[in-house]
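All residue numbers for the sequence shown refer to UniProt numbering, where the first residue is 1 and numbers rise by one.
Glycine included, C-beta positions come from ideal geometry on N, C-alpha and C.
Computed from a predicted model, the values in this text were never measured in an experiment.
Have a look at the structure below, then the notes.
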Amino acid sequence: MAETVLMNILRGDVARLGRCTNAITGDENELPRVKPLKFCFEKDIVFYARLQNLEYFYTECIYAPNSYRNFARNYIKQLERLQPRAILDLIHSGETVAIRKEASTQIQTNCTRCGYMSSQPVCKACLLLEGLNTGNYQIGNSSKKKPREPTETSSVTGENPAPEKSTSGCGGQCACEAKGLSGLSI
């Protein structure tokens, strides 16, 4: 739960933040979802599942280490080392965020293809299936990129400075031969 709250805060997705922090979700048109383990730590849930011999999916996805959720998970683990109540504090913070009605711009509708709940005319599952069936793997997998704001290192003209040229695969981000630091030993 804390990962989801943090991800929604970092994305600025207040509509989902309001939905994800409620213990019981669902309007009159939806099936209610109940989250009885909302304040339980993941390690406690896994421990309980093992004790009760419940089927539990233990294998991590091969793409998980590079995911946005993994970034949030690692950040929360670092916070928890400094402040043991960090997970509970994050959840409580997500609950106490006051969301104005006009801030919640996404309206839940039904997908025009499958009829399932969606905030778009066609749900993400249908878009991904269409991409798989047509061989166009960018359908449903592309994000709308916003133009980046100029950084502090921008010149007076507003243009970003040209990056340093590098012959290595690191792009000049490490202390390799491309930066002329080949004599350094580790």
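In this structure, the alpha-carbon of Gly12 lies about 14 Å from that of Ser93. Two segments are said to touch when three or more pairs of C-beta atoms, one from each, lie closer than 8 Å; by this definition the segment 77 to 91 touches the segment 32 to 42.
Beta-bridge partners of Val34 (DSSP): Ile24. Check the Cα spacing between Val5 and each of Ala15, Tyr63, Ile91: the tightest is with Ile91.
Boundaries of the alpha helix (DSSP H) harbouring Asn70: 68 to 82, taken from the DSSP string.
Separation of the CB atoms of Leu37 and Ile45 is rounded to 6 Å, and the pair is thereby assigned contact status at 8 Å.
Rounded to the nearest whole angstrom, the CA to CA distance from Gln108 to Gly18 is 13 Å.
Within the same chain, Cβ atoms closer than 7 Å to the Cβ of Arg73 are found at Glu3, the five residues on either side in sequence being excluded. Under DSSP, Ser93 shares a beta bridge with no residue. One Cα belongs to Tyr48, the other to Thr134, and the distance between them is close to 43 Å.
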